[in-house]
Structure formats: C-alpha cells, structure tokens
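Participant:
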DNA sequence: TAGTATTGTTGGTGATACCAACGACAGCCA
DNA sequence: TGGCTGTCGTTGGTATCACCAACAATACTA
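Protein chains in written order, with our numbering: chain A, 1 to 141; chain B, 1001 to 1141.
1) How far does the alpha helix (DSSP H) with residue 1073/B in it extend, from its first residue to its last?
2) Excluding sequence positions up to five away, which residues of its chain have a Cβ less than 6 Å from the Cβ of residue 48/A?
3) Strictly below 7 Å CB to CB, what residues from chain B border residue 12/A?
4) According to DSSP, simplified to helix, strand and coil, what is residue 84/A?
5) Rank 103/A, 122/A, 137/A, 125/A by C-alpha distance to the C-alpha of residue 81/A and give the top, closest one.
6) Between which two residues does the alpha helix (DSSP H) containing residue 51/A stretch?
7) Who are the neighbours of residue 1130/B on chain A, taking C-beta pairs under 7 Å?
8) Taking only beta-carbon positions, decide if residue 123/A is within less than 7 Å of chain B.
9) Out of 124/A, 67/A, 107/A, which has the shortest C-alpha to C-alpha gap to residue 52/A?
10) Given a cut-off of 7 Å on the beta-carbon distance, is the pair residue 1083/B and residue 1097/B in contact?
11) Express the C-alpha separation of residue 1114/B and residue 55/A in angstroms, rounding to a whole number.
12) Between residue 1024/B and residue 134/A, is the Cβ-Cβ spacing less than 7 Å?
13) So, does the segment 1026-1034 of chain B touch the segment 118-135 of chain A, judging by three or more C-beta pairs under 8 Å?
14) What whole-angstrom Cβ distance do residue 17/A and residue 1137/B have, given they're in contact under 8 Å?
15) What residue does the alpha helix (DSSP H) around residue 133/A start on, and which one ends it?
16) Taking the alpha-carbon positions, what's the residue 4/A to residue 1060/B distance?
17) Label residue 7/A either buried or exposed according to how many other C-beta atoms from any shown protein chain fall within 10 Å of its C-beta, with 16 as the threshold for buried.
18) Residues in the same chain with beta-carbon distance under 8 Å from residue 1067/B, minus the five sequence neighbours each way, listed in chain order, please.
19) Measure the Cβ-Cβ separation of residue 205/A and residue 1020/B and say whether it is below 7 Å.
20) Can you give me, in chain order, the residues of the segment 13-35 of chain A that have a beta carbon less than 9 Å from any beta carbon in chain B?
21) Just how far apart, CA to CA, sit residue 1125/B and residue 117/A?
22) According to the Cβ coordinates, are residue 73/A and residue 44/A closer than 7 Å?
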C-alpha cells in the first residue's frame, strides 16, 4: 500500500521549505564529502575568500556561525593547512585568520563543487525562476 | 566593525535556502516548544489527522521520517496519551497507530500554532508571492 | 581606574537526518 | 509444504547543524 500525502503538511510553507532545504543539504553534503570538506568548511573558506584576513568573531558573523563552531572549524582547517592564524597586533583579543595558498586553491575547487550542487538542485528551473526563488528566499531569511 | 557579507554565499540558492529554512525552524521550534510539542510530534500527529489509523511504516513515509524516529516519536506521544497503538489483526508485523481524543484536540491546537508560524515567517508576502514560493519549493523537494 | 564589553576557548545540549542489525512475521513460489 | 525474500518495529548507534553558558584575557569607556 502506498501511503497518501498529508494535506496538513503539504500546504505549509515551512514544511515545503524544510523538505527543500533537506534535499539541498543531502546533495550538498554528498558532493562536499567527496571533495573532503564539510558545510562549515566551505562557509568559512568562502568568507575568507570574499573578505580576506578577518578575525574569528567577524568570520562567524559573516558565515552565520556560532563562535564555538568557528573555533572548531578554523582549527580543523588550520590542521589541514588551508588557513593560517596569527594574533592581531592591534587587538590582543583577536585572531586574524587568512587563507593559505592551499586554502585558496581548495576554495576554487569547492566553488566548482558548489556550482554543480546548484545545477543539480535547480535542475529544470529557468533563469527567471531561479531569480524569483532567490529573491523570495532572501526575504524569508 | 561590521563585517560585510560573503558574495560567494549570498548568491548560492542552497545557502539562501538553508538560511531561510533555519529561520523558519527557529520560529517553528520556539512556538511548538511553548505548546509542548516537537517538530516530529507535529509531523506524526498531522499525518494521523489526515490519513487516520495507519501503521508506523506508512506513517514514516508520509511524515518523511526514518522508522527509528517514528518509533521514538510515537512512543513519546503514546506516553502522553495522544496516540494509541494496537497490533494489526491482519498483519502481525504492523502496529496500527491512531489519534486519541486528546490527540485530536492537541492536533487542532497545534494547527493554530502552525498557522501563526506561517503568518510570522511569511510576514510581508502577498498571497501571490506565497503561492509562487510554495510552488517553487515543491519543485525543489 | 573601575566597570563594561568583546574575543577565543571549552564543554556542553537539542533537533534533524540517517544507517545497520536484529527477531518476528507475511507472502511467494518451487 | 518449506524455504526464500522482504517488511515491520525496535535498538543502538553516527553526523551535521544550531545554540548556550562560563571563563580568562584583553580592550574600551565613563
């Protein structure tokens, strides 16, 4: 027997949103795992690539990560020599994080992975539909 | 200093999707917690309300839950006397789950909570925009 | 200078999602 | 009829994401 769908759930925007997000996350996670990175890894590397050397607190704000998770992710990236850390000479509290050469090339590689993920997740969408979706989602967040 | 946004992240549909979903989840979780329920709880109750007595395997398929999570959630709901369970007389493997009277009224109460959540999450959206969003999200999932 | 705020670290929690293995049971079919 | 296949519910995990509290060190400020 094939169970029906729940109309209560189907008509909820939050339900459709969470299901769409879960599916996108599955695709993203699978492809990133193959490339040896986690979602947090990419978020940190992407922010470093876009904003340059930056302290962890700002890193967390830009990547929407808790300070705790920034600490762990950055240390993990540092262990893989993708980022380097040094004390901010102008503020003893801050640690400046920046991409290493290996980090930059890893980021470029991951950018391609992310492009593939977008393509797979948005398969069948026209460019106009993608723009519409993106703008609606931005207003939601 | 206010950190800028990462253009790499901002233009990713999967990023906007996960941020929108995270925000919706925060609202949902906060309101459901006040009402004494979890997201899994509502998903199970909603399916039972829509499809009536049903075995756990079908419950899991309709609510998009792993069998393990169905087991735990149903047992938790049973402990709160919101659902009842009995063996399917026609199939010794299956356990039929159904709403109790208390479960039905709890579901009605939670339906109102979910309505509030939709209103809060979609604040500022026109009816047409909500329809557009919903249809785009359905195609994503 | 005393009090306040921020930074990075540490040690947690909870929700969601998913997997593997198990015994019990049903259905199929040789 | 007996064996095989598959499903069901259960148990015991794991991974990711998101979030909180407390702490020492440092910076700011009133």
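Each residue gets a CB set at the ideal place from its N, CA and C atoms; glycine is no exception.
Facilitator: On the basis of the coordinates in this document:
1) 1067-1079
2) Only 99 meet the Cβ criterion.
3) Neighbours of residue 12/A on chain B, chain order: 1114, 1118.
4) It is a strand residue.
5) The residue with the shortest Cα to Cα distance from residue 81/A is 103/A.
6) 39-51
7) 13
8) no
9) 107/A
10) yes
11) Approximately 39 Å, taken between the alpha carbons.
12) no
13) no
14) 6 Å
15) 127-140
16) Looking at the two C-alpha atoms, the distance is approximately 11 Å.
17) exposed
18) 1056, 1057, 1060.
19) Residue 205/A cannot be examined here, being either before or after the span of chain A that is shown, 1 to 141.
20) 13, 14, 15, 16, 17, 18, 19, 20, 21, 22, 23, 24, 25, 27, 28
21) 28 Å
22) yes
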